[in-house]
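In full-length UniProt numbering, the protein residues as written are 1 to 294.
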């Protein structure tokens, strides 16, 4: 193998492993005092809203926030306020408003952005979970509300448990405030549904059962949910429907993981391979030097 061929092989291998490690899936976790809610974001259908959400999550803006609104059979809403027993209520710092991206229907189990009435492009930090099929209302009102993700697994059990809590009127915008073991007259921090953190989880493309590897079980998840717009586990590209493109994502990731031959550290594999190839590059140079000395 000549010099250029070795460099080409090394570059191709590095590119392959880099592509294999770039996850297009965006899964986030709401860690609440009543349990975790995992959500797949629709980054393919709502890219600006997804990035807006990730920015808040990465900045920790929602850490210590609370669910401030619960309307039975409609929504639970958060993302706007935090609370401390010493300082009381404070607003979550908001970034510039994001462009509205309607299209995904506001069905039960979706998460959508809240916004100011009469301004379709006013969403910032507040979000809500749809408790029921709210499409007839929210898909059209105020330019349509952007549903940008869907709850995974048994996460709706946690959402429903929040929705089932008693509510108190603490004055707008807390006139439907869900509380835990509330004792009058004042609401304390331990009586609120606190969101401890919102974080982006690290899963590989095609890992549709979220067990840490890409295998034939993930293909089965894709197969059983093919065509679904309400089961998001295998919606690998986040376009709102489980389709052939999601199979391609699984296939490419599965093939790439097979090429790695179970090497635990792809980066180490690249470096080891690079060392072997570079050693091959050095040998002809050494021979040439010996020839010049003779």
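A virtual CB, placed ideally from N, CA and C, is assigned to each residue, including glycine. Owing to the predicted nature of the structure, the values given are computational and were not obtained by experimental measurement.
Practice task
Determine the DSSP secondary structure at residue 204, reduced to helix, strand or coil.
Solution key: To locate residue 204, count along the chain shown from 1; it is residue 204. Correct three-state label for residue 204: coil.
Exercise for the section: Specify the secondary structure class of residue 77 as computed by DSSP and reduced to three states. Expected result: As a first step, residue 77 must be located in the chain shown, where it is residue number 77. Three-state DSSP puts residue 77 in a strand.
Exercise for the section: Evaluate residue 183 with the Cβ neighbour count: other Cβ atoms within 10 Å of its Cβ, from every protein chain shown; 16 or more gives buried, anything less gives exposed. Expected result: Position 183 of the chain shown, counting from 1, holds the residue named residue 183. Flag for residue 183 reads exposed.
Problem - Three-way DSSP call (helix, strand, coil) for residue 266 in this model - result: Here the question's residue 266 lines up with position 266 in the chain shown. Confidence at residue 266 is low in this model, with a pLDDT of 46, below 50, so the placement of that residue is unreliable and no value is reported for it.
Handout entry: Terminal residues of the beta strand (DSSP E) in which residue 159 lies
Key = Walking along the chain shown from the start, residue 159 turns up at place 159. Premise fails: residue 159 lies in the alpha helix (DSSP H), 155 to 163, not in any beta strand (DSSP E).
Problem - Those runs of the alpha helix (DSSP H) which lie wholly inside the stretch 39 to 77 and span at least 4 residues - result: 47 to 59
Problem - Local conformation of residue 219 per DSSP, three classes - result: Counting from 1 along the chain shown, the entry for residue 219 is found at position 219. Helix, per DSSP.
Exercise for the section: With residue 130 as the anchor, note down where its beta strand (DSSP E) starts and where it stops. Expected result: Along the chain shown, read from residue 1 onward, the residue named residue 130 stands at position 130. First-last of the beta strand (DSSP E) with residue 130: 127 to 130.
Practice task
State yes or no: is the C-beta of residue 158 within less than 9 Å of the C-beta of residue 34?
Solution key: Position 158 of the chain shown, counted from the first residue, corresponds to residue 158. Position 34 of the chain shown, counted from the first residue, corresponds to residue 34. In contact: residue 158 and residue 34 (Cβ atoms closer than 9 Å).
Handout entry: the stretch 49 to 64 in contact with the stretch 167 to 187 per 3-pair CB rule at 8 Å
Key = no
Problem - Collapsed DSSP secondary structure at residue 32 in the structure displayed - result: Taking the first residue of the chain shown as 1, we reach residue 32 at position 32. Here residue 32 sits in strand by DSSP.
Problem - residue 267 versus residue 256: straight-line alpha-carbon distance, rounded - result: For the purposes of this step, residue 267 is taken as the residue at position 267 of the chain shown. For the purposes of this step, residue 256 is taken as the residue at position 256 of the chain shown. Below a pLDDT of 50, predicted positions are generally treated as unreliable, and residue 267, at 47, falls in that range; no measurement from the model is reported.
Practice task
Can you check DSSP and say which residues form a bridge with residue 178?
Solution key: The residue you call residue 178 lines up with position 178 of the chain shown. DSSP, once it has assigned bridges, lists 167 as partnering residue 178.
Problem - CA-to-CA distance, residue 190 to residue 244, given in whole angstroms - result: The sequence position of residue 244 within the chain shown is 244, counting from 1. The sequence position of residue 190 within the chain shown is 190, counting from 1. Roughly 46 Å separates the two Cα atoms.
Exercise for the section: Please state whether DSSP places residue 273 in a helix, a strand or coil. Expected result: Indexing the chain shown from 1 puts residue 273 at position 273. Interpretation of residue 273 is limited by its pLDDT of 42, a score under 50 that renders its predicted location unreliable; the figure taken from the coordinates is listed afterwards. Helix, per DSSP.
Exercise for the section: Leaving out five residues on either side along the sequence, give the residues of the same chain with a beta carbon under 8 Å from the beta carbon of residue 85. Expected result: Your numbering for residue 85 matches position 85 in the chain shown. Answer for residue 85: 188, 189, listed in chain order.
Problem - Expected contact under 8 Å - CB spacing of residue 29 and residue 225 to nearest Å - result: Residue numbering aside, residue 29 sits at position 29 when the chain shown is read from its first letter. Residue numbering aside, residue 225 sits at position 225 when the chain shown is read from its first letter. In fact, because the Cβ distance is near 21 Å, the residues do not count as touching under 8 Å.
Exercise for the section: Starting from the Cα of residue 204, find the closest Cα among 53, 180, 234 and give me that residue. Expected result: Taking the chain shown and counting its residues from 1, one reaches residue 204 at position 204. Comparing Cα-Cα distances from residue 204 to each of 53, 180, 234, the minimum goes to 234.
Problem - Span of the beta strand (DSSP E) around residue 112 - result: Along the chain shown, read from residue 1 onward, the residue named residue 112 stands at position 112. Counting along the chain, the beta strand (DSSP E) containing residue 112 begins and ends at 110 to 113.
Handout entry: Nearest to residue 88 (by Cα), restricted to the options 65, 79, 71
Key = By one-based count along the chain shown, residue 88 stands at place 88. The shortest Cα separation from residue 88 among 65, 79, 71 belongs to 65.
Exercise for the section: Measure the alpha-carbon distance for residue 110 versus residue 186 and round it to whole angstroms. Expected result: Counting from one through the chain shown, the residue named residue 110 turns up at place 110. Counting from one through the chain shown, the residue named residue 186 turns up at place 186. Their Cα atoms are separated by approximately 32 Å.
Problem - Limits of the alpha helix (DSSP H) - the one that residue 105 falls within - result: On the chain shown, position 105 is the one that residue 105 refers to. From DSSP, residue 105 is part of no alpha helix (DSSP H); its letter is neither H nor E.
Problem - CA nearest to the CA of residue 135, picked from 194, 147, 70 - result: Residue 135 sits at position 135 when you count from the first residue of the chain shown. Checking every option, the nearest Cα to that of residue 135 belongs to 147.
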